[in-house]
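Visitor: Please find one structure pasted underneath; my questions will follow.
Protein chains: 2
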Amino acid sequence: MAEYLLPIEILIEQFRKLPGVGRKTAARYALSVLDMSKENAEDFAAALLDAKKKIHRCPVCNNLTDKELCSICADDSREPVICVVEDSKALMSIERIREYRGRFHVLDSVLSPMKGIGPDKIGLDRLIARLEREGITEVIVATNPTIEGDATAMYIMRVLLPLGVKVTRPALGIPVGADIEYADEITLARALKARNPIE
Amino acid sequence: MAEYLLPIEILIEQFRKLPGVGRKTAARYALSVLDMSKENAEDFAAALLDAKKKIHRCPVCNNLTDKELCSICADDSREPVICVVEDSKALMSIERIREYRGRFHVLDSVLSPMKGIGPDKIGLDRLIARLEREGITEVIVATNPTIEGDATAMYIMRVLLPLGVKVTRPALGIPVGADIEYADEITLARALKARNPIE
Numbered sequence: 009m010a011e012y013l014l015p016i017e018i019l020i021e022q023f024r025k026l027p028g029v030g031r032k033t034a035a036r037y038a039l040s041v042l043d044m045s046k047e048n049a050e051d052f053a054a055a056l057l058d059a060k061k062k063i064h065r066c067p068v069c070n071n072l073t074d075k076e077l078c079s080i081c082a083d084d085s086r087e088p089v090i091c092v093v094e095d096s097k098a099l100m101s102i103e104r105i106r107e108y109r110g111r112f113h114v115l116d117s118v119l120s121p122m123k124g125i126g127p128d129k130i131g132l133d134r135l136i137a138r139l140e141r142e143g144i145t146e147v148i149v150a151t152n153p154t155i156e157g158d159a160t161a162m163y164i165m166r167v168l169l170p171l172g173v174k175v176t177r178p179a180l181g182i183p184v185g186a187d188i189e190y191a192d193e194i195t196l197a198r199a200l201k202a203r204n205p206i207e
Numbered sequence: 009m010a011e012y013l014l015p016i017e018i019l020i021e022q023f024r025k026l027p028g029v030g031r032k033t034a035a036r037y038a039l040s041v042l043d044m045s046k047e048n049a050e051d052f053a054a055a056l057l058d059a060k061k062k063i064h065r066c067p068v069c070n071n072l073t074d075k076e077l078c079s080i081c082a083d084d085s086r087e088p089v090i091c092v093v094e095d096s097k098a099l100m101s102i103e104r105i106r107e108y109r110g111r112f113h114v115l116d117s118v119l120s121p122m123k124g125i126g127p128d129k130i131g132l133d134r135l136i137a138r139l140e141r142e143g144i145t146e147v148i149v150a151t152n153p154t155i156e157g158d159a160t161a162m163y164i165m166r167v168l169l170p171l172g173v174k175v176t177r178p179a180l181g182i183p184v185g186a187d188i189e190y191a192d193e194i195t196l197a198r199a200l201k202a203r204n205p206i207e
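Residue numbers (the numbering used here), protein chains in the order written: chain A, 9 to 207; chain B, 9 to 207.
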């Protein structure tokens, strides 16, 4: 008995499909499910099926929605500006600040040659189709400031600039409230380079 | 839209019930389920229900099993020694070394005054009932060497010793292959105190 019983092994394999979950964590999750009440385990399974059944991608912006259009695309009062994000989590973070009144576009993925994801697989055609249709005046490319996110942003800018649309990126710099002593060198260098006059 | 849509929120709450999973991790898991194929999500839900339906506790040793008795209790060739463990994960780890040929007893819990778990709630009565019935010659108390595990082991020893059974604990010391420089002080102190002559 070097392995768990088959129904437990199958459940462990399912938990391993979650992002960042290895064998040990998956086993811990699976055993905790066995310690739940029958009702709790049934609620868990029902929540999985229910979310998967009710939630789909908005055909306009690719955000998650339970309606035909997502609540942002359905809102006529949104300004004709599109903020491009990597995923719905980033979209939620920006919505949470309640400052941004424009629209969004959720990429299918960032560029990733390692995973075989080239420029034709990130969902840019749908973004381009929106520019004229929605009379977009500006595209804010808010991909993550990582190697893949930066490469994706550069590519999007190269494609969009010839189309005559204004393309911007959120400012990089020292996070508010952070200690300069602990800022990494690259962030600090970019913050100094992009320094602003005190007004 | 400061929160996710309701079916996603419900799924996030379910993932938060897993050990060590906070809101951000639960949201990451929930969104990854939405990115799965319909079939994968259905397999996940089915695995949850199936494991919960088929797996229960062995009435003798409290180990997880899909039969009436677990495979260890059903094995007549096991020596009349009982190794007491905190959970099925610890049992699996000991089985994996393929050296131990005795039986097991999985506690319901360790003693934990903080969680209101006193001596009557750890499953000791079932262990005591086994001693005479199975002609047990030795009980190895293999709870974790933590504050709660040690306290539980001390309590079990105090209860079992008057019953005339031999009670032991696995040796504590420097892990094989470890660097003494990195061993913690308590482990090092116990290892020195329990030093053995070279043979």
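All C-beta atoms, glycine included, are put in the ideal place defined by N, C-alpha and C.
Which of the three DSSP states, helix, strand or coil, is assigned to I182 of chain B?
Guide: Coil at I182 of chain B, not helix or strand.
Visitor: Check whether the Cβ atoms of L13 of chain A and D74 of chain B lie closer than 7 Å to each other.
Guide: For L13 of chain A and D74 of chain B, yes; Cβs fall inside 7 Å.
Visitor: Can you find a C-beta in chain B that's less than 7 Å from the C-beta of S85 of chain A?
Guide: S85 of chain A does not count as touching chain B.
Visitor: Going along the chain, which residues of its own chain have a beta-carbon closer than 7 Å to the beta-carbon of R198 of chain A, five neighbours each way excluded?
Guide: These residues qualify, in order along the chain: L180, G181.
Visitor: 7 Å is my cut-off, CB to CB: does D74 of chain A come that close to chain B?
Guide: For D74 of chain A, the answer is yes, since a Cβ of chain B falls inside 7 Å of its Cβ.
Visitor: Are the Cβ atoms of L57 of chain B and A53 of chain A separated by less than 7 Å?
Guide: For L57 of chain B and A53 of chain A, yes; Cβs fall inside 7 Å.
Visitor: Would you mind sorting E94 of chain B into buried or exposed? The rule is 16 or more other CB atoms within 10 Å of its CB.
Guide: Flag for E94 of chain B reads buried.
Visitor: Per DSSP, K174 of chain A is paired with what?
Guide: In the DSSP output, where bridge partners are listed per residue, K174 of chain A has A:E146.
Visitor: Step through the CB atoms of chain A and report whether any lies within less than 7 Å of the CB of P153 of chain B.
Guide: No, its Cβ sits nowhere closer than 7 Å to a Cβ of chain A.
Visitor: Taking 7 Å as the CB-CB limit, is L171 of chain A close to chain B?
Guide: By this cut-off, L171 of chain A is not an interface position.
Visitor: Can you tell me whether M9 of chain A is helix, strand or coil according to DSSP?
Guide: In this prediction, M9 of chain A has a pLDDT of 38, which is less than 50 and means its spatial position is unreliable; what the coordinates show is noted afterwards. If DSSP states are grouped into helix, strand and coil, M9 of chain A belongs with coil.
Visitor: Can you give me the C-alpha to C-alpha distance between G28 of chain A and K61 of chain A, rounded to a whole angstrom?
Guide: Answer to the nearest angstrom: the Cα atoms are 24 Å apart.
Visitor: Helix, strand or coil: how does DSSP classify I136 of chain A here?
Guide: In the structure shown, I136 of chain A sits in a helix (DSSP, three-state: H, G or I).
Visitor: From the beta carbon of Q22 of chain B, is the nearest beta carbon of chain A less than 7 Å away?
Guide: Chain A contact via Cβ: present.
Visitor: Between which two residues does the alpha helix (DSSP H) holding I3 of chain A run?
Guide: The structure shown does not extend to residue 3 of chain A, since chain A spans only 9 to 207, so no value can be given for it.
Visitor: Output the boundary residues of the alpha helix (DSSP H) element that contains R111 of chain B.
Guide: Note, R111 of chain B: premise wrong, no alpha helix (DSSP H); beta strand (DSSP E) at 111-114.
Visitor: Going by C-alpha to C-alpha distance, which of B:P88, B:P183, B:P67 sits closest to E76 of chain B?
Guide: The candidate whose alpha carbon is nearest that of E76 of chain B is B:P67.
Visitor: Assuming contact is defined by CB atoms lying nearer than 7 Å, are G126 of chain A and D116 of chain A in contact in what I supplied?
Guide: Not a contact, by the Cβ cut-off of 7 Å.
Visitor: Taking CB distances under 7 Å as the criterion, tell me whether L56 of chain B reaches chain A.
Guide: Judged by the 7 Å Cβ criterion, L56 of chain B is in contact with chain A.
Visitor: Is the CB of M9 of chain B under 7 Å away from at least one CB in chain A?
Guide: With a pLDDT of 39 at M9 of chain B, under the threshold of 50, the modelled position of that residue is not reliable, and the figure given next carries that caveat. M9 of chain B counts as touching chain A.
Visitor: Alpha carbons only, please: which of B:K123, B:R31, B:D43 is nearest the one belonging to L72 of chain A?
Guide: With distances taken between Cα atoms, L72 of chain A lies closest to B:D43.
Visitor: Does Y108 of chain A get closer than 7 Å to chain B when you measure Cβ to Cβ?
Guide: Not an interface residue.
Visitor: Roughly how many angstroms lie between the CA atoms of I164 of chain A and V149 of chain A, to the nearest whole one?
Guide: Approximately 8 Å between the Cα atoms of the pair.
Visitor: Suppose only complete runs of 4+ residues qualify. What are the alpha helix (DSSP H) ranges in the segment 32-94 of chain B, listed by chain order?
Guide: Taking only runs of at least 4 residues, the alpha helix (DSSP H) segments lying wholly in the segment 32-94 of chain B are 46-62.
Visitor: Taking 7 Å as the cut-off, decide whether the C-beta atoms of E87 of chain A and R109 of chain A are in contact.
Guide: Going by C-beta atoms, E87 of chain A is nearer than 7 Å to R109 of chain A.
Visitor: Flag I119 of chain B as yes if its beta-carbon sits less than 7 Å from any beta-carbon of chain A, otherwise no.
Guide: The sequence shown places Leu at residue 119 of chain B, not Ile. No, no contact with chain A.
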